[in-house]
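Going down the list, the protein sequences come from chains A and B. Just so you know, my numbering puts the end of the first sequence at 837, numbered straight through with nothing missing. Just so you know, my numbering puts the end of the second sequence at 306, numbered straight through with nothing missing. Written below as structure tokens is the structure these notes are about.
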Amino acid sequence: MTSDVPETGAGATTPAAQADAMPKPEDKTDAKPAAPKPTPEQRLAALLAAYRPLDGVADELMDARGTIRPVWRPFLNELSQLTPDELTHATARGSQYLRDAGVFFRHYGPDSEEERDWPLAHLPLLIDSGEWSQIAAGLVERADLLERIMADLYGPGALVKQGLIPADLLTANPEWLRPLVGIRPRSGHFLHMMAFDIGRGPDGKWWVLDDRTQAPSGAGFALETRMATSRSFPGIMARSNVLRLAGFFRAFRDALLALRSDGDSRVTILTPGPMTDTYYEHAYIARYLGFLLVQGEDLVVRDGRLMVHTVGGLQPISVLWRRLDSGWLDPLELRENSQIGTPGLLGALRSGQLTMINAPGSGVLETRALMAFIPRIARKWLGRDLSLPNIATWWCGAASARAYVKANAARMTIDSALSTNLPFDHGPEVVIAGRHPDGRPLDAGYIDTMAERLAAQEIVSLSTAPALVDGRLEARPMSLRVILGRTAQGWQVMPGGFARIGHSATSADISMQRGGAVSDVWVVAPVTPPEDTLLATVTPHHNMAQFAALPVRAADNLFWLGRYTERAQQKIRLLRAYHLRLAENGLADLPLTGHLSEALSIMGVDTAETMPEGLMADLRSAINGAGRIRDRFSTDGWNALTDLQRTAAKIGPRLQPGDDCARAMSVLLRKVSGFSGLVHENMYHATGWRFLSLGRAIERAWATTNMLATFTDPDAPEGALDIAIEAGDAIMIHRLRFPSVISRDTVLDLLLLDEANPRSVLSQLGDILGHLDWLDKLCPQSGPMTSLRREVLRLQTALTIAEAAEITPERLSEISDATASFSGLLADSYLR
Amino acid sequence: MIYAIRLRISYAYERPADVGRHVLRLLPLTLPGLQIVHESRLSFQPRPSEVINRRDFFGNECTEIAYIDRQLTTEFEMRARVERLEKPRSLDVSPRRSDFVAEMAGAASLSPHAPHQFLWASPRVPRHAGIADWAAEQARSCETAFATAEAISLALHRDMTFDAEATLVDTPIAEAFALRRGVCQDFTHIAICALRSLGIPAGYVSGFLRTLPPKGQARLEGADAMHAWVRAWCGNDMGWVEFDPTNAMLAGSDHVVIAYGRDYFDVSPVKGALRIAGGRSTKQAVDMVEED
């Protein structure tokens, strides 16, 4: 569908991927030709053998009489023709895609958090496009109403004056943000992206379970779920007239681009950072739409304009898509302790120079108790009921509502009125079907005491949809997440989204945090929809300003990623040399092994450990750095890096010193070189790659100098020069250039002064200068001659004219000091 | 009564600090019938790169300033001439507490000084069961909202000890209440919490209090301080009434108002985002002199 999603995993050309494209059961070798082949009807019956819609609950697959709904028929017919093996392969391809693409969400448990694979349910959920149009129209109507409510709550406040919303629902509400009252959005609208969770009730009608207006997530996950499902069932999907998602993204991207005040600035996505549950999606959407991903610390406000700190200096931003809850945006006016916000951000809104997607304060619309008043507002303002109502809700602040809730608690959940959680994410005090969490029947006094702090909602038995369990279909409760984006033509509804599928027959278990899974949603049209890709309309613009827009934080992380991977590589080489020597003579206390051990110990590596913590720490630092800039390099690169660390952690405990360790280090060396190769071969040679390469070159220049100082020291033991050649990865070249001898001079010549050797110090200096040429073109503010350039040039000149024989140990120590200063000078010029 | 007021707040940093952006709420308010600001001026040392004057949600005067370069010191100075008008103590015509729900219903609005804004937990004043119990005890024999508010104010003065060493600006109210010690900010926050627990909307007032030197002694320059007190909503007829629990009095002609809010969060005189490595020292001096 889109080619800027990394093409990894099983491609459509592998035999497995085509298995479902042309089902040919007759080609299968069958050891027992006597057994009759099942007919298509028998296969379908087998697939559905365990499928039992529940009484009193609607089902997506079957109508009340147990007949398969027309929209599902072609899909089920094809699905049932797959052999168990083919079906297993199909689901494995989907999961493999998500693993390769690195799709995860962060799971928060009571004590810990971890990255979890996106829980793909494999089977899509099918909806007829005619029914979808009705859902879409209903949600657009609702989104328009919510926009009007928002405008009133942050404007005239007529809803409260007219008694349509109780004042206390806002004045007690931490999401109603007083500093935003009176600020009109520059775009003319408060809401630009929304999501709704909807479910189908027993009567077959759709209900809105909640409104997501704060910083709705799901658009990126929907896209990845679609990609994964299309890997599972490429052929079936191609024949199923499924509406495409790309048009929605293109329209929304263009709408955001059009909101900019000037054509040069980037639309920017503000993320709380890698520790957020949906960070993957922030990075993914930024990459997919070509937007800039930043964190609060990247931003600063100057004279009412929002600016981003880039390596090319401060650059203005006029459209900010925030994935940060409102309260954290600006420590000056909102939460004082927010470390992830930007002081003055609200001032930029007030000065009319910034559009925020969505306007801060929009979280108030997610307030659970607000749903109790929306039907009344609709009747008052629109003169009719909404075509897609929300589930019945009562706010216990009113005496009449309290009485009603007490009498009808058996069919309600009673939870915090101001909660903005999803309806199936309950608070600790929730009363479900008239029972407190400890099983006690509802205490009526609790309702009276808590009163305005409670809202009750009718329990809806969600419809069921098919889930694939052990090769057969089972009916599981489901809800849909539908995503809307505002364009110049009004709200557009993404034709798809994703469905939550419960992991048991209980409606309450559709929460992902409680083991629910996620299905792609196929909106099935009667005719084949036109091909549509996002890339078709991307206009390439490679101006220098674009390249210079690398946030300083990202540049810094890339630089250190380059340094840490190079540092790890250096340590691995020396460890391998150590263990090889150990294997040769079996002794750890010979002069040479002792010398190596000491050199490594200066680098923080204890050779008594088979997988030294000093090496693991570098790998962890590299991954940490990479994790903060996942939008900047390929998922293959990320996978290579995590694989490296996983391998090291896995094999570490079992290793024996000597030969075993040496072999293990060779494995790690191959993997770390694999990572470097991926990055340097495949990464676009723009500013980010320059910083990564600068990290590598500066680290390599410094580490090589230190290594030479250690192993060409006149007092170093016999064999030290060989280690230098080994650690410098120059055995072959040395043999080529100096066939018969190895001496201190030949080693220094090759690893310090030989510009043609890509691992020599002099060659690093050339690389550094090349990168500085690029940066200085982007960053005129750094001046014609930065102190970094001066220092590198000075050293380069000296080494170019130097002879190996002149390089004394003292001189090596001076060179080491000079290279050690590069990092700080780089930061002074570009990373402030 | 006309006062000449001068406030100086200065910061000195051990190392040049990224002072960044601040919001200052230091300028007195004009309050029809109560307080007239004849003149007020805020100045800064060194000069900020940006100065923005605006009003916040509650109508308080805010000055937002920003520095680009690092600084070793910053100093803010406010000078004002403010006339405070005498207002006789009014009769208690506030509704009975039992009628308060109905009284509030008639005032439902989102406007900045609507009582509904001041009834619920706010950033620095969470609900507190211990304070609620204490408040219920003090208010047992009070029938009206006004009588209740006054009783709470006096009881706080009786039960709390003024102690400038016991608490800091960010000490939670639970701690100050447990100690029964604190400064005007603690007295005010506990009063707010107590009144809200009784269903009476209550807010924070920041300002200045004229202090008189002990008899026979000269006034020490800069010895006055910024002050805080509470205001309680006493029904539609009486409206907001200001009590000073630290001094067991109604706020009157010795009090000059700077800002109103739900609690200290809304009115803090200097709110800023600051990045410093190393220490910082702060000095504050207030002079409030009655003009002849």
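For glycine and all other residues, C-beta sits at the position ideal for the given N, C-alpha and C.
According to the neighbour-count rule (16 or more other Cβ atoms, all chains shown, within 10 Å of its Cβ), is residue i buried or exposed?
i, result
"residue 142 of chain B", "buried"
"residue 33 of chain A", "Low confidence applies to residue 33 of chain A: its pLDDT is 46, below 50, so where it sits in the model is not reliable, and the reading given next is rough at best. Burial call: exposed."
"residue 428 of chain A", "buried"
"residue 689 of chain A", "exposed"
"residue 228 of chain B", "exposed"
"residue 680 of chain A", "buried"
"residue 472 of chain A", "buried"
"residue 305 of chain B", "exposed"
"residue 617 of chain A", "buried"
"residue 25 of chain B", "buried"
"residue 749 of chain A", "buried"
"residue 221 of chain A", "buried"
"residue 292 of chain B", "exposed"
"residue 117 of chain A", "Caution is warranted here: a pLDDT of 49 is assigned to residue 117 of chain A, below 50, making its placement in the model unreliable, and the coordinate value is therefore given only provisionally. With fewer than 16 Cβ atoms within 10 Å of its Cβ, residue 117 of chain A is classed as exposed."
"residue 9 of chain A", "Legend: pLDDT at residue 9 of chain A = 37, less than 50; position of this residue unreliable, no value from coordinates given."
"residue 813 of chain A", "exposed"
"residue 834 of chain A", "buried"
Name the residue from the options whose alpha carbon lies nearest to the alpha carbon of residue i.
i, options, result
"residue 50 of chain A", "A:63, A:69 and A:82", "A:82"
"residue 785 of chain A", "A:607, A:316, A:416 and A:674", "A:316"
"residue 476 of chain A", "A:108, A:186 and A:94", "A:94"
"residue 791 of chain A", "A:804, A:773, A:808 and A:345", "A:773"
"residue 259 of chain B", "B:156, B:105, B:173 and B:104", "B:173"
"residue 568 of chain A", "A:794, A:452 and A:699", "A:699"
"residue 587 of chain A", "A:417, A:615, A:571 and A:570", "A:615"
"residue 837 of chain A", "A:305, A:200 and A:359", "A:305"
"residue 252 of chain B", "B:47, B:126 and B:159", "B:159"
"residue 845 of chain A", "A:403, A:439, A:108 and A:528", "What is shown of chain A runs 6 to 837, which leaves residue 845 of chain A out entirely."
"residue 85 of chain A", "A:418, A:52 and A:71", "A:52"
"residue 623 of chain A", "A:677, A:409 and A:358", "A:677"
"residue 529 of chain A", "A:48, A:75, A:71 and A:298", "A:75"
So, residue i versus residue j, is the Cβ gap smaller than 8 Å?
i, j, result
"residue 157 of chain A", "residue 148 of chain A", "no"
"residue 630 of chain A", "residue 576 of chain A", "no"
"residue 769 of chain A", "residue 702 of chain A", "yes"
"residue 642 of chain A", "residue 601 of chain A", "no"
"residue 335 of chain A", "residue 350 of chain A", "yes"
"residue 64 of chain B", "residue 79 of chain B", "yes"
"residue 163 of chain B", "residue 255 of chain B", "yes"
"residue 356 of chain A", "residue 264 of chain A", "no"
"residue 257 of chain A", "residue 492 of chain A", "yes"
"residue 566 of chain A", "residue 697 of chain A", "yes"
"residue 562 of chain A", "residue 634 of chain A", "yes"
"residue 559 of chain A", "residue 450 of chain A", "no"
"residue 2 of chain B", "residue 300 of chain B", "Residue coverage of chain B in this structure runs from 15 to 306, which leaves residue 2 of chain B outside it and unanswerable."
"residue 250 of chain A", "residue 228 of chain A", "yes"
"residue 371 of chain A", "residue 215 of chain A", "yes"
"residue 204 of chain B", "residue 41 of chain B", "no"
"residue 157 of chain B", "residue 110 of chain B", "yes"
"residue 521 of chain A", "residue 231 of chain A", "no"
"residue 218 of chain A", "residue 368 of chain A", "yes"
Hey, is residue i's beta-carbon within less than 8 Å of any beta-carbon in chain C?
i, result
"residue 390 of chain A", "No chain C appears in the structure shown, which is made up of the protein chains A and B."
Report task. Could you please tell me which residues of the stretch 159-183 of chain A, in chain order, have their CB closer than 8 Å to any CB of chain B? Result -> Legend: CB atoms of the stretch 159-183 of chain A lying less than 8 Å from CB atoms of chain B belong to residues 162, 165, 166, 168, 171, 172, 173, 175, 176, 177 and 183.
Query - chain A contacts from the stretch 28-54 of chain B (Cβ-Cβ distance under 7 Å) - result: 34, 35 and 37
Requested in this report: Check whether the stretch 725-742 of chain A touches the stretch 649-669 of chain A, counting contact only when three or more Cβ pairs, one atom from each stretch, lie closer than 8 Å.
Outcome: no
**Report entry** Given 8 Å, three or more beta-carbon pairs between the stretch 58-67 of chain A and the stretch 88-104 of chain A
**Finding:** no
Report task. Identify each residue in the stretch 153-176 of chain B for which the Cβ-Cβ distance to at least one residue of chain A is less than 7 Å, and report them in chain order. Result -> none
Query raised in the report: When you check each C-beta in the stretch 64-85 of chain B against every C-beta of chain A, which residues fall closer than 9 Å?
Result: 64, 66, 68, 70, 71, 72, 78, 80 and 82
Query raised in the report: Are the stretch 234-249 of chain A and the stretch 267-275 of chain A in contact at 8 Å, needing three or more beta carbon pairs?
Result: no
Query raised in the report: At a Cβ cut of 9 Å, what residues of the stretch 131-144 of chain B count as close to chain A, listed as they run along the chain?
Result: 131, 132, 133, 134, 135 and 137
Query raised in the report: Pairing CB atoms from the stretch 400-418 of chain A with CB atoms from the stretch 434-454 of chain A, are three or more of them under 8 Å?
Result: Segments in contact, yes.
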